[in-house]
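Asks: Here it is, the structure in full.
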Amino acid sequence: MDPETSKFADEPPQDFPAPTATRPAWKSVVLVLICTLAMITNVASSSSVSVFLPVVGNDLNIPESQLQWLVSAFSLSSGCFLLLLGRLADLHGRKKMYIIGTLHLGLFSLGCGFAKSATAMFILRGIQGLGPAAFLPACLGILARAFPPSRARSAAFGTFSAGAPVGGAIGTQIGGLLTQYTSASWRSAFYFIAGIACFCAVCGIIVIEPDPPSTEKDQRVDWLGGFLVTAGLVFVVFVLSQGSTAPRGWKTGYIIALLIVGVIFLVLFVVWQHYLEKNYETQRPPLMKFSMWSRAKGKFAVMQFIGFFQWAAFLSWLFWAQVYYEDYQKISPVLTAVRMLPCTVSGALCNLLVILIISRIEFWTLIALGAAFTGLGSLLFALINPSAPYWAFGFPSAIVSVFGTDFVFAGGTLFVAKVSLPHEQSLAGGLFQTLQQVGTSFGLAISTVAFDAAAKGSDDAPLSAYKAAQWTAFGMSMFCTLLAVIFLRGVGPVGLDERKVGLDEKVDEKRASPV
-17 MDPETSKFAD EPPQDFPAPT ATRPAWKSVV LVLICTLAMI TNVASSSSVS VFLPVVGNDL
43 NIPESQLQWL VSAFSLSSGC FLLLLGRLAD LHGRKKMYII GTLHLGLFSL GCGFAKSATA
103 MFILRGIQGL GPAAFLPACL GILARAFPPS RARSAAFGTF SAGAPVGGAI GTQIGGLLTQ
163 YTSASWRSAF YFIAGIACFC AVCGIIVIEP DPPSTEKDQR VDWLGGFLVT AGLVFVVFVL
223 SQGSTAPRGW KTGYIIALLI VGVIFLVLFV VWQHYLEKNY ETQRPPLMKF SMWSRAKGKF
283 AVMQFIGFFQ WAAFLSWLFW AQVYYEDYQK ISPVLTAVRM LPCTVSGALC NLLVILIISR
343 IEFWTLIALG AAFTGLGSLL FALINPSAPY WAFGFPSAIV SVFGTDFVFA GGTLFVAKVS
403 LPHEQSLAGG LFQTLQQVGT SFGLAISTVA FDAAAKGSDD APLSAYKAAQ WTAFGMSMFC
463 TLLAVIFLRG VGPVGLDERK VGLDEKVDEK RASPV
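Numbering (the working numbering), first residue to last: -17 to 497.
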């Protein structure tokens, strides 16, 4: 098989970069580490705020009903701008977007630390989220370009993925310690994030290699498409995150209106992208080629949906497990965090496992096993006995629940990079992350509906309500398992060095041919 020949008939040919041997080993390691540190900083920026929400509320006189916006505003902007900024990274330079994004996060984290009012904090948190939206797709494009399909790429993506659980641990633990033991209280946590983000930017300037010129002849940006998809996602994600807490719940007038407008914008985006791709000779390039979804005989689309539902399942498990401990069992937030700590350790080990086995195991097997284990974590809580010790249900659930998330993110990003053209790497990675962000809001919305239906309006939710939410998460995980088993067969291991495979096959053909 020629290295330029795709494994699938409809998969684009790959433009492999120069072998990593031409780059000093230390530089390759540092490149992976600064991208991973950026991922850690992103997750820590989100998770640390959850720890000191009550303290911020007291200092800035924020009503309890609005505290969640300190988390939601960041997630909303970081999730909804991934696609547009990923496209800009592919066109105008991933290194530039990495530096801009990390500096942006650092500066606005510093601004959050100096905020004096609730309004200023909400605005700064929303703008702060644009930083990760810029540098996360850029990181995926940088790693995909620096490491051709090989074990080195598997190690790079696996290490990058491990930044998520590490960032969660750093955010909650360091955020709590700084809030409690420093004179600046919660502001110290924002200063800490600002320092790490600026350090990432400085390292990026030194270590990241200059971007090669884009291979696209027409580099105009589809700003209309960018507006449609970004506005549509903002409305839909807002509705999913606020629908259950609105004055009349999902029947609230503005919730219904914004959902309709958001869906219309997304439909118009799809129609507009299809039109641009069909008329590419006379129109500007689309923001996202509609044909991308048919790559690898439709497996690209399947992987995107698995990412959507898997993150919906995991974040639903995580949210309702924490609520169960604090609201049902009346355990303090600190002890709740201790009970969730195995997730961090297990998550880091999962990514190490991915590095070791990704080139040896069938892709569908990896994804199906991960989704099934996450489902098992939800199942344990759906069957939980409150009088049983933590080690019977809570501990094993915390161990296995992260398998699907880490396997899907690490394996999925490798697969998406494999079937995407060189000038699409950041866009494709941004699309994958966008669906995960939207999936998070979708999962919480659906599981909240199940919880409320089981609670039936009582002030103190019965055990059946918490179990109903976990059964919902279990169902989404099992759906992902079925998708992987049915539709991802035939991909093979995604961590193989395809250049070496192609060379070996050429040698075999030469030996077999008569002289």
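Just so it is clear, CB atoms sit at the ideal spot from N, CA and C, and this is done for glycine as well.
(1) Could you give the distance in angstroms between the alpha-carbon of A102 and the alpha-carbon of P36?
(2) Can you list, in chain order, the residues of its chain whose CB lies under 7 Å from that of I381, leaving out five sequence neighbours each side?
(3) Grouping DSSP H, G and I as helix and E and B as strand, with all else coil, what is T395?
(4) Output the distance between the C-alpha atoms of I105 and V219, rounded to the nearest integer angstrom.
(5) Give every residue of the same chain whose Cβ lies closer than 7 Å to the Cβ of C332, excluding the five residues on either side of it in the sequence, and list them in chain order.
(6) Do you know offhand how far L358's Cα is from Y257's?
(7) If you follow the alpha helix (DSSP H) that W275 is in, where does it begin and where does it stop?
(8) Does the Cβ-Cβ distance between T318 and T141 come in under 9 Å?
(9) Given a threshold of 16 other Cβ atoms within 10 Å of its Cβ, counted over all protein chains shown, does G225 qualify as buried or as exposed?
(10) Taking 8 Å as the limit between beta carbons, can you name the residues of its chain near T326, skipping five residues before and five after?
(11) Are the beta-carbon atoms of S123 and G68 separated by less than 9 Å?
(12) Hey, could you find the ends of the alpha helix (DSSP H) I343 is sitting in?
(13) Taking only runs that begin and end inside the region 224 to 257, name each unbroken beta strand (DSSP E) of 3 or more residues, in chain order.
(14) In three-state DSSP terms, what is L300?
(15) K9 by DSSP, collapsed to three states: which one?
(16) If we call anything under 9 Å between Cβ atoms a contact, is A350 one with A466?
(17) Quick check on the DSSP output: what are the complete alpha helix (DSSP H) runs of length 4 or more inside the region 10 to 91, in order along the chain?
(18) Taking the C-alpha atoms as reference points, what is the distance between D41 and Y173?
(19) Below 9 Å between beta carbons: does that hold for F355 and N367?
(20) What are the boundary residues of the alpha helix (DSSP H) that L403 is part of?
(21) Going by other Cβ atoms of all chains shown within 10 Å of its Cβ, with 16 needed for buried, is T197 buried or exposed?
(22) Among residues of its own chain, excluding the 5 on either side of V53, which ones have a beta-carbon nearer than 7 Å to its beta-carbon?
(23) For F377, does the count of other Cβ atoms within 10 angstroms reach 16, so buried, or fall short, so exposed?
(24) Would you check if the distance between the CB atom of G177 and the CB atom of K77 is smaller than 9 Å?
(25) With distances taken Cα to Cα, identify the nearest neighbour of P229 among Q265, Q48 and K9.
(26) If you count every other CB in all the chains shown that lies within 10 Å of the CB of V316, and 16 or more means buried, which is it?
(27) Within 10 angstroms of the Cβ of S91, are there 16 or more other Cβ atoms? Answer buried if so, exposed if not.
(28) CA-CA distance, I498 and A100?
(29) Check whether the Cβ atoms of G394 and I288 sit closer than 9 Å, and answer yes or no.
(30) For F456, count neighbouring C-beta atoms within 10 Å of its own C-beta (all shown protein chains included) and say buried if the count is 16 or more, exposed if not.
(31) Is the separation between the beta-carbon of R396 and that of V320 shorter than 9 Å?
(32) Considering Cα atoms alone, identify which of V473, P6 and T454 is closest to V189.
(33) Here's a check: name, in chain order, each residue in its chain whose Cβ is nearer than 7 Å to the Cβ of H86, leaving out the five neighbours to either side.
(34) Note down, one range per segment and in chain order, each alpha helix (DSSP H) of at least 4 residues found wholly within the region 339 to 393.
(35) Taking only the alpha-carbon atoms, compute the straight-line gap between E308 and R277 and give it to the nearest angstrom.
(36) If you draw a straight line from the C-alpha of A247 to the C-alpha of A213, how long is it?
Replies: According to the structure data:
(1) 17 Å
(2) P324 and S328
(3) helix
(4) 17 Å
(5) V384, F385, D388 and F389
(6) 43 Å
(7) Premise fails: W275 is in no alpha helix (DSSP H) and is neither H nor E.
(8) no
(9) buried
(10) Non-local C-beta neighbours of T326 in its own chain, meaning closer than 8 Å and more than five positions away in sequence, comprise P147, V148, G150 and A151, ordered along the chain.
(11) Note that residue 123 corresponds to Gly in the displayed sequence, not to Ser. Yes.
(12) Note, I343: premise wrong, no alpha helix (DSSP H); not H, not E.
(13) For secondary structure counted as the beta strand (DSSP E) over 3 or more consecutive residues, the region 224 to 257 holds no complete run.
(14) helix
(15) helix
(16) yes
(17) 35 to 42, 51 to 62 and 64 to 74
(18) Straight-line spacing of the CA atoms in D41 and Y173 works out to 17 Å.
(19) no
(20) Premise fails: L403 is in no alpha helix (DSSP H) and is neither H nor E.
(21) exposed
(22) Excluding residues within five positions, the ones whose Cβ falls inside 7 Å are S28, V31 and S32.
(23) Flag for F377 reads exposed.
(24) no
(25) A check of alpha carbon separations from P229 across Q265, Q48 and K9 identifies Q48 as the nearest.
(26) Its Cβ having fewer than 16 others within 10 Å, V316 is exposed.
(27) buried
(28) The displayed coordinates of the chain run from -17 to 497. Any statement about residue 498 would go beyond what the structure contains.
(29) yes
(30) Answer is buried; the Cβ neighbour count reaches 16.
(31) Here the sequence assigns Leu to residue 396, which means Arg is not the residue at that position. No, Cβ-Cβ distance for L396 and V320 is not below 9 Å.
(32) The residue from V473, P6 and T454 with its alpha-carbon nearest to that of V189 is P6.
(33) L112, G113 and A116
(34) Listed in chain order, the complete alpha helix (DSSP H) runs (minimum 4 residues) inside the region 339 to 393 are 345 to 364 and 376 to 382.
(35) 45 Å
(36) As written in the sequence, residue 247 is Phe, which differs from the Ala given in the question. Taking the CA atoms as reference points, F247 sits about 7 Å from A213.
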